[in-house]
Amino acid sequence: MDQINLVLLVCVVIVIPSFRNVFFAKRRDVAAQPMKERLPFFDLIKGVAMLAVLLIHTMYFFDHNAYLNNNDTFLYIVNNLSRFAIPVFFICTGILLTPIKNRKELPEFYKKKLWRIFVPYALVTLFLFLLNPDGFAQFFLDLIRGTGAVPFYFVIVLLQLYLIYPWLCKWRKKRWFLFGGLFFSLLYYLSPLTYFIWGIPTFFKFAFFLMYGMYLREHFLYYKKQENEWFVWPALVLLYLGIIIIAPEKYYNHQLIYGVAIFNLLFYFGAQIMQLKKVGRWLIKYGQLSL
164 MDQINLVLLV CVVIVIPSFR NVFFAKRRDV AAQPMKERLP FFDLIKGVAM
214 LAVLLIHTMY FFDHNAYLNN NDTFLYIVNN LSRFAIPVFF ICTGILLTPI
264 KNRKELPEFY KKKLWRIFVP YALVTLFLFL LNPDGFAQFF LDLIRGTGAV
314 PFYFVIVLLQ LYLIYPWLCK WRKKRWFLFG GLFFSLLYYL SPLTYFIWGI
364 PTFFKFAFFL MYGMYLREHF LYYKKQENEW FVWPALVLLY LGIIIIAPEK
414 YYNHQLIYGV AIFNLLFYFG AQIMQLKKVG RWLIKYGQLS L
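Everything in the sequence shown is counted per my numbering, starting at 164 for the first residue and increasing by one.
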């Protein structure tokens, strides 16, 4: 049902003109500027996404405990509503990365990602391996497959997206970039055999989220509300909610439409959210702990 849900929502976005115009918004032609300091609202959004991740794993605990699980439908709905988290993280990545302009910038770009992402990940994986050592080969497999702990697949996918990011920068201003990204990820999501290659989780079904952030980078950095946006994003969320209530089962992190809709709703109501000072400050501090 997860695949049917996704195809249905994609059809809605493509077929209905008002939805299509909002979802595939025209990018703003503003010169790319590097991020010289953290942007508090993006930390707040990441804080919300981190709470959603915690909720997903809490539902996993209840789902696998016979004494606690007495309502599958409720667990499924809470799990499925929280599945905007990974899309939000990858969209933020696409927005906040400074576009690569020439090859001379590549060594510094990859060096930063190596030290900031891969080295800490490798050390934590090594620590977990040493708690229950099972041969160096197993450590190597855990390292490249992200199997040292359940959430580590995210790091493997993120590193792959960093690898292709400079190449994508060449095309990010093309009008077809969003359409191409959506159909690329949808195609691979509908092809389960591509989810893993030699046991390594692949970036294919997540690529659209990075590309969405890249294409609309200036739109979100210099945000202005679009016409019909007030209707389109809530409508897509309500449609998704209706689907998961009618067909309650466990959905996963590849919500190409729902994830984007929640991200845009957070921006649309950003001013109101920031006015919740205590909650906002706490979410910002929490979000600063993310990658």
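Idealized CB from N, CA, C, for every residue including glycine.
8 Å Cβ cutoff met for residue i and residue j
i	j	result
residue 372	residue 262	no
residue 419	residue 188	no
residue 383	residue 258	yes
residue 255	residue 208	yes
residue 280	residue 313	no
Straight-line Cα distance separating residue j from residue i
i	j	result
residue 410	residue 367	26 Å
residue 320	residue 181	33 Å
residue 172	residue 398	11 Å
residue 213	residue 248	7 Å
residue 205	residue 253	12 Å
residue 309	residue 439	37 Å
residue 283	residue 374	26 Å
residue 434	residue 394	18 Å
residue 300	residue 294	15 Å
residue 401	residue 364	30 Å
residue 441	residue 381	29 Å
residue 272	residue 260	10 Å
residue 355	residue 236	25 Å
residue 315	residue 217	14 Å
residue 202	residue 302	37 Å
residue 386	residue 436	15 Å
residue 343	residue 174	15 Å
residue 444	residue 329	34 Å
residue 274	residue 359	26 Å
residue 162	residue 432	Because the chain here runs from 164 to 454, residue 162 falls outside it and cannot be looked at.
residue 336	residue 267	21 Å
residue 244	residue 296	37 Å
With 16 other Cβ atoms within 10 Å as the buried cut-off, status of residue i
i	result
residue 405	exposed
residue 338	exposed
residue 278	exposed
residue 242	buried
residue 298	exposed
residue 361	exposed
residue 269	exposed
residue 170	exposed
residue 176	buried
residue 220	exposed
residue 452	exposed
residue 178	exposed
residue 265	exposed
residue 426	buried
Neighbourhood of residue i by C-beta, 7 Å cutoff - its chain only, sequence neighbours within 5 removed
i	result
residue 353	166
residue 285	306
residue 340	334, 374, 378
residue 222	238, 241, 242
residue 389	185, 188
residue 424	396, 399, 400
8 Å Cβ shell around residue i - same chain, five flanking residues per side excluded
i	result
residue 168	403, 406, 407, 410, 414
residue 211	251, 429, 446, 450
residue 391	181, 184, 185
Sequence-distant residues of its chain with Cβ nearer than 6 Å to residue i (five each side left out)
i	result
residue 471	Since the first and last residues shown for the chain are 164 and 454, residue 471 lies out of range.
residue 324	366, 373
residue 351	357, 367, 368
residue 417	352, 368
residue 164	410, 412
residue 345	371
Distance between beta carbons of residue j and residue i, contact taken as under 8 Å
i	j	result
residue 331	residue 377	6 Å
residue 122	residue 190	Residue coverage of the chain in this structure runs from 164 to 454, which leaves residue 122 outside it and unanswerable.
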